[in-house]
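Numbering (the working numbering), first residue to last: 560 to 828.
By construction, the Cβ of each residue, glycine as well, lies at the ideal position given by its N, Cα and C atoms.
As the structure is a computational prediction, the values presented were derived from the model and not from experiment.
Structure, as structure tokens:
Structure follows, in structure tokens:
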């Protein structure tokens with residue numbers, strides 16, 4: 560029988576989130592029609608929650624064009640700045656993993672049609688798997704980048720039912736898609752990622768950030784969280800992950816939400 564001490568502890572998924580540390584985190588819809596006194600009250604809105612994933616999926620399948628303009632919501636001028644800062648982050652956080660001269664693999668979440676895959680990730684990784692709810696986007700990404708191996712046309716909240724659960728990746732890249740996950744599903748997805756990462760593997764997370772409180776997009780059904788909100792959720796990942804980086808995207812477009820990049824490192828227990 561294998562010694563229990565040699566068996567890696569697997570994270571236990573959460574059934575609820577205690578929001579006592581976020582009691583003052585209020586929010587509003589992007590059309591300014593509805594205000595919420597707390598994030599906990601928002602997530603208890605059963606009518607909205609029942610339609611949450613349906614709304615986001617429909618928006619991305621019916622309203623977003625399969626090109627860079629669609630991926631960036633019309634703001635194609637931020638592409639180079641986005642890639643530049645993401646590259647700076649990867650140069651820093653991948654140093655330890657590169658020391659062994661091993662082949663590096665990556666899972667990209669919310670890959671769309673491969674903008675980030677092609678212009679960023681293929682420079683750092685030997686093999687890349689990609690996820691997005693729109694299969695047409697993924698097929699274009701696969702044509703654009705010959706390092707793409709597997710594609711998963713499914714929402715992140717259901718990925719655990721469609722992917723092999725074993726240490727496969729050195730990095731999981733999550734950009735501009737966690738905003739479509741409910742808080743509980745977001746935290747549990749990150750805990751699930753623990754089982755997909757090699758020892759010392761990392762999650763790189765890049766997302767829009769609200770200045771204060773949260774904002775619910777009335778069109779695509781996404782949530783823009785504050786840095787305080789994300790850091791509160793990241794604390795729930797301990798002791799399985801430690802937050803290594805929290806940096807602001809530099810030289811960003813005026814009038815857009817601030818963007819932050821986070822790096823979480825897997826801790827072997």
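Proximity winner among the options, relative to residue i (alpha-carbon distances)
| i | options | result |
| --- | --- | --- |
| residue 588 | 783, 631 and 812 | 783 |
| residue 591 | 799, 605, 777 and 614 | 777 |
| residue 600 | 655, 586, 610 and 646 | 586 |
| residue 647 | 765, 769, 673 and 618 | 765 |
| residue 668 | 733, 695 and 679 | 733 |
| residue 759 | 824, 768, 785 and 736 | 824 |
| residue 673 | 580, 602, 699 and 781 | 699 |
| residue 692 | 663, 736, 652 and 707 | 736 |
| residue 738 | 572, 715 and 726 | 715 |
| residue 712 | 608, 627, 807 and 671 | 671 |
Length of the line joining the Cα atoms of residue i and residue j
| i | j | result |
| --- | --- | --- |
| residue 642 | residue 659 | 26 angstroms |
| residue 775 | residue 741 | 11 angstroms |
| residue 750 | residue 789 | 14 angstroms |
| residue 696 | residue 707 | 13 angstroms |
| residue 804 | residue 702 | 32 angstroms |
| residue 653 | residue 606 | 43 angstroms |
| residue 561 | residue 573 | Interpretation of residue 561 is limited by its pLDDT of 43, a score under 50 that renders its predicted location unreliable; no figure is taken from the coordinates. |
| residue 800 | residue 826 | 5 angstroms |
| residue 798 | residue 570 | 9 angstroms |
| residue 635 | residue 793 | 30 angstroms |
| residue 568 | residue 639 | 40 angstroms |
| residue 791 | residue 811 | 25 angstroms |
8 angstroms contact criterion, which residue i and residue j should meet: CB distance rounded
| i | j | result |
| --- | --- | --- |
| residue 584 | residue 593 | The Cβ separation is near 16 angstroms, so there is no contact. |
| residue 718 | residue 690 | 6 angstroms |
| residue 731 | residue 752 | 5 angstroms |
| residue 679 | residue 645 | 5 angstroms |
| residue 728 | residue 664 | 5 angstroms |
Helix, strand or coil at residue i according to DSSP, with G and I counted as helix
| i | result |
| --- | --- |
| residue 783 | strand |
| residue 602 | helix |
| residue 772 | coil |
| residue 698 | helix |
| residue 816 | coil |
| residue 658 | coil |
| residue 752 | helix |
| residue 730 | strand |
| residue 778 | coil |
| residue 574 | coil |
| residue 583 | coil |
| residue 736 | coil |
| residue 799 | coil |
| residue 725 | coil |
| residue 824 | strand |
Give, in chain order, every unbroken run of the alpha helix (DSSP H) that is at least 4 residues long and sits entirely within the stretch 623-650.
-> 627-630
Write down every uninterrupted run of the alpha helix (DSSP H) in the stretch 660-718 whose length is 4 residues or greater and which is fully enclosed by it, in chain order.
-> With a minimum length of 4 residues, the continuous alpha helix (DSSP H) runs that stay inside the stretch 660-718 are 674-678 and 694-703.
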